[in-house]
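Inspection log for the structure reproduced underneath, given as structure tokens.
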Amino acid sequence: MKNQLSYKNGALHFERANISQIAKKFPTPFFLYSETILKNNYSAFYEAAKKAKLHEPLICFALKSNSNKSLLKILAKLGSGADIVSVGEFKRAIEAGIPAEKIVFSGVGKTKEEIKYVLKASKHGPYSFNVESIEELELISEVAKKLDKKARICFRLNPVVQPITHKYISTGNKTHKFGMLLDDVFTAIENKKLWKHCTLVGLSIHIGSQLLDLKATEKAIGKLCEAALLMPNNLEFLDVGGGLGVDYHPDDSKKMPELKTYMELIHRSLEKHYYAYRSKPVRVVFEPGRKISAKAGILVMSVLRNKVSEDNNFLIVDGGMNDFMRPSLYGAYHELFPVKKAPAKKLYHVVGPICETSDCFGSGRKLPALKQDDLIILADTGAYGYSMGSSYNLRGRPAEVLFKDNGKTLIINKATSYEDLT
Ligand code: LLP
Numbered sequence: 002m003k004n005q006l007s008y009k010n011g012a013l014h015f016e017r018a019n020i021s022q023i024a025k026k027f028p029t030p031f032f033l034y035s036e037t038i039l040k041n042n043y044s045a046f047y048e049a050a051k052k053a054k055l056h057e058p059l060i061c062f063a064l065k066s067n068s069n070k071s072l073l074k075i076l077a078k079l080g081s082g083a084d085i086v087s088v089g090e091f092k093r094a095i096e097a098g099i100p101a102e103k104i105v106f107s108g109v110g111k112t113k114e115e116i117k118y119v120l121k122a123s124k125h126g127p128y129s130f131n132v133e134s135i136e137e138l139e140l141i142s143e144v145a146k147k148l149d150k151k152a153r154i155c156f157r158l159n160p161v162v163q164p165i166t167h168k169y170i171s172t173g174n175k176t177h178k179f180g181m182l183l184d185d186v187f188t189a190i191e192n193k194k195l196w197k198h199c200t201l202v203g204l205s206i207h208i209g210s211q212l213l214d215l216k217a218t219e220k221a222i223g224k225l226c227e228a229a230l231l232m233p234n235n236l237e238f239l240d241v242g243g244g245l246g247v248d249y250h251p252d253d254s255k256k257m258p259e260l261k262t263y264m265e266l267i268h269r270s271l272e273k274h275y276y277a278y279r280s281k282p283v284r285v286v287f288e289p290g291r292k293i294s295a296k297a298g299i300l301v302m303s304v305l306r307n308k309v310s311e312d313n314n315f316l317i318v319d320g321g322m323n324d325f326m327r328p329s330l331y332g333a334y335h336e337l338f339p340v341k342k343a344p345a346k347k348l349y350h351v352v353g354p355i356c357e358t359s360d361c362f363g364s365g366r367k368l369p370a371l372k373q374d375d376l377i378i379l380a381d382t383g384a385y386g387y388s389m390g391s392s393y394n395l396r397g398r399p400a401e402v403l404f405k406d407n408g409k410t411l412i413i414n415k416a417t418s419y420e421d422l423t
């Protein structure tokens with residue numbers, strides 16, 4: 002059983018939230034988030050960085066994992082920055098109270114309009130543009146010139162490593178569209194006319210997501226440090242990206258590195274590859290998404306009906322791949338728990354209503370016999386859940402509900418219906 006989920010008197014609780022009580026107030030499917038877990042995850046991350054003596058850590062929460070404004074406001078109050086990849090995410094971060102000087106702008110396809118908007122929005126523009134190509138730098142330089150501003154630039158280095166993760170979310174090799182090879186960074190630096198309106202302030206990496214093995218991370222941070230030493234000026238910061246994985250599957254918990262291990266690895270790498278040659282402290286920037294938001298959310302669903310095809314037991318639920326697409330897109334494993342505790346009886350395929358065979362939250366799952374209207378939850382859906390959802394099959398979007406520290410529940414994003422779609 003996951004530590005944020007437990008049965009009390011046979012009723013499933015998410016942290017202190019009694020799920021069946023909450024489901025009486027809100028129609029399923031809905032995402033349920035815990036303020037306490039979200040805050041604890043952020044604080045644990047920040048404190049671990051401080052404890053490992055990393056210099057002025059800045060945690061830029063990756064909005065793509067969860068961009069709900071109420072959740073972002075909670076993180077903003079704790080001091081979080083933001084990692085954004087679109088002007089939409091920039092606006093959302095600002096509206097939630099995250100200042101531009103704590104925002105890093107990532108992404109391979111920033112448009113001219115986006116660069117202009119983000120540069121204009123505050124006196125010094127964002128904390129950095131994490132630049133992914135020479136052409137992008139040319140565009141930023143051109144826009145900054147027109148606005149008579151200086152853009153803060155960080156190159157996203159492609160460290161050419163091969164992390165162990167799903168191929169769709171691996172980003173640190175030259176076959177991937179992300180990051181710049183070191184030679185190309187040098188070419189960009191040597192082009193003096195690009196630097197009249199740009200200042201080089203940092204270097205970043207992000208080699209992939211859901212990383213449980215840190216070998217490639219260690220290698221990549223070593224390369225990041227070595228590259229930093231070759232830059233024409235001292236850098237303000239090194240951005241080690243996001244990517245730290247969580248234990249979705251019970252077996253993952255044995256593999257999952259502790260925050261302490263991760264931070265100490267960064268400390269060691271910096272000592273060995275950077276501070277052995279430079280004494281000026283360099284800030285460490287992080288871009289975690291999943292590590293902060295995944296476990297802060299669950300998807301609450303109801304059973305629609307059972308269907309038996311010879312020895313295949315299908316449990317048809319009212320949530321679908323449009324609400325949460327990780328299992329169908331990556332074959333990702335997420336645990337399923339009945340809300341009322343009962344002995345597990347049979348093996349089920351837990352499937353949604355969408356007309357795709359991949360609309361399946363889990364196969365061969367041992368569950369109690371459940372019937373129409375019984376509740377079931379999908380665990381660890383706070384990251385890449387609602388943010389990747391769609392209205393496929395012309396379905397409305399689910400509500401997002403927050404269980405607050407004070408025990409109250411609150412809708413933080415209303416469900417939508419057909420009428421909202423048209
Ligand atoms: N920084 C950059 C530049 C990124 O591209 C990403 C994620 C992050 C930070 C945050 O990574 P995290 O700490 O959350 O692993 N939809 C996929 C994940 C895609 C990740 C894309 N980039 C999933 O559901 O697993």
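Count the sequence shown with the working numbering and you get residues 2 to 423, in order.
Each residue gets a CB set at the ideal place from its N, CA and C atoms; glycine is no exception.
Owing to the predicted nature of the structure, the values given are computational and were not obtained by experimental measurement.
Is the distance from the Cβ of residue i to the Cβ of residue j below 9 Å?
i    : j    : result
V202 : S129 : yes
K111 : E137 : yes
R284 : N235 : no
K64  : V286 : Lys is not the amino acid found at residue 64; the sequence shown has Leu there. Cβ distance not < 9 Å, so L64 and V286 don't count as in contact.
S323 : S391 : Note that residue 323 corresponds to Asn in the displayed sequence, not to Ser. Yes, the pair counts as a contact, with Cβ atoms nearer than the cut-off.
G353 : D319 : yes
N69  : I355 : no
A152 : H207 : no
V161 : V119 : no
N67  : Y387 : yes
A122 : I99  : no
H350 : F315 : yes
K296 : I23  : no
For ligand 1, any of its heavy atoms closer than 8 Å to the Cβ of residue i?
i    : result
L76  : no
T172 : yes
F179 : yes
G290 : yes
V119 : no
S81  : no
L148 : no
Y128 : no
H207 : yes
H167 : yes
M257 : no
M389 : yes
Q211 : yes
Y331 : yes
N159 : no
A380 : no
R327 : yes
G246 : yes
Y263 : no
Y334 : no
K54  : no
F349 : Note that residue 349 is Tyr in the sequence shown, not Phe. Incorrect: Y349 has no Cβ contact closer than 8 Å to ligand 1.
How should residue i be labelled, buried or exposed, when 16 other C-beta atoms within 10 angstroms of its C-beta is the threshold for buried?
i    : result
S364 : exposed
A189 : buried
T172 : buried
H125 : exposed
L79  : exposed
R425 : Outside the shown range of the chain (2 to 423) lies residue 425, about which nothing can therefore be said.
Y419 : exposed
G246 : buried
K224 : buried
E191 : exposed
P251 : exposed
K168 : exposed
Taking DSSP's pairing of strands, which residues face residue i in a bridge?
i    : result
E401 : F32, N414
P339 : I377
H350 : F315
M181 : L158
D84  : A63, V105
K367 : L348
L204 : F156, L239
V199 : Just to set this straight, residue 199 is Cys in the shown sequence, not Val. Beta-bridge pairing links C199 to A152.
G321 : Note: G321 sits in no beta bridge, so no partner.
Spatial neighbours of residue i within its chain, please: CB distance less than 8 Å, with the 5 preceding and 5 following residues excluded, ordered by chain position.
i    : result
K261 : A49, K52, A53
V132 : L138, I141, I154, C155, F156, R157, M181, A189
V309 : F315
F362 : V318, G320, F325, P328, H335, L337, V351, V352, G353, L379
Go through its chain and collect everything with a Cβ distance to residue i's Cβ below 6 Å, but skip five positions before and after it.
i    : result
K346 : P369, A370
F179 : T172
G332 : none
So with Cβ pairs under 9 Å, would you call residue i a contact of chain D?
i    : result
V119 : Absence of chain D from the displayed structure is noted, only one protein chain being present.
Please go through the same chain and pick out, in chain order, the residues whose beta-carbon is closer than 7 Å to the beta-carbon of residue i, but skip the five residues on each side of it.
i    : result
A83  : C61, F62, L64, A94, I99, K103, I104
A221 : P160, V162, G173, I206, I208
A400 : F27, F31, I412, N414, K415, A416
N281 : The identity of residue 281 in the sequence shown is Lys, whereas the question assumes Asn. These residues qualify, in order along the chain: N235.
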